[in-house]
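The opening position of the sequence shown corresponds to residue 150 in this note's numbering, with each subsequent residue numbered one higher.
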Amino acid sequence: MTIDKGRKRWRGDSAEDVIEYLDVYSENEINKIVVVKCKQCGSEVFTFRIDAGEGAIEIACTACGNKRLLLDSEKYWEKSEPEDAKCPECKKRQYNVAVGFVHRRSGEVKWIYIGNRCTSCGVLGSYGDWGINYRPTDEMEKNV
Numbered sequence: 150m151t152i153d154k155g156r157k158r159w160r161g162d163s164a165e166d167v168i169e170y171l172d173v174y175s176e177n178e179i180n181k182i183v184v185v186k187c188k189q190c191g192s193e194v195f196t197f198r199i200d201a202g203e204g205a206i207e208i209a210c211t212a213c214g215n216k217r218l219l220l221d222s223e224k225y226w227e228k229s230e231p232e233d234a235k236c237p238e239c240k241k242r243q244y245n246v247a248v249g250f251v252h253r254r255s256g257e258v259k260w261i262y263i264g265n266r267c268t269s270c271g272v273l274g275s276y277g278d279w280g281i282n283y284r285p286t287d288e289m290e291k292n293v
């Protein structure tokens, strides 16, 4: 894991760099970070659509084409207006994706952070984060 912090936007060279980026971005608030992997082929490269206002994200594996909704997005997807994620630097659309969880003392999820790394130019970022104001949340972590 090597992050280049010397430019306007941080750059990483692996999916694991999103973990360090999210930790700093969230000001060390995150309790758990999971790098997303395709459930069919194990790839870590995706295109994705996101509506952070609704709390919904859909990923599509670039290796096998498998699409799926992350977290509890199926509850919100129909009323969402997702936008395709596109790198602000190189305009490509392929990413490593990670999800950061902030937990309440009870163990329930309180906040979600979506982190990403452009696989073309390495730019690290976050296309969204949102609060969770309902319970139970234990299924969310299983659906990453």
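In this text, a Cβ means the ideal position worked out from N, Cα and C, and glycines have one as well.
By DSSP's assignment, residue 275 forms a beta bridge with 264. Residue environment: residue 255 is assigned as exposed (fewer than 16 neighbouring CB atoms within 10 Å of its CB, all protein chains considered).
Runs of the beta strand (DSSP E) lying entirely within the segment 171-220, each at least 3 residues long, are 181-184, 195-200, 205-210, 216-218 in chain order.
The alpha-carbon separation between residue 233 and residue 197 amounts to approximately 6 angstroms. The alpha carbon of residue 217 has as its nearest neighbour, out of 276, 157, 188, the alpha carbon of 188. Buried is the label assigned to residue 207, since at least 16 other Cβ atoms lie within 10 Å of its Cβ. Three or more pairs of CB atoms, one per stretch, sit closer than 8 angstroms, so the segment 262-272 contacts the segment 222-241. Cα atoms of residue 203 and residue 261: separation of roughly 12 angstroms, rounded to the nearest angstrom.
Counting the other CB atoms within 10 Å of its CB gives residue 282 a total below 16, which places it among the exposed residues. The alpha-carbon of residue 280 is positioned some 6 angstroms away from that of residue 259. One alpha carbon belongs to residue 178, the other to residue 168, and they sit about 12 angstroms apart.
Under the DSSP assignment, residue 247 falls in the beta strand (DSSP E) whose first and last residues are 244-252.
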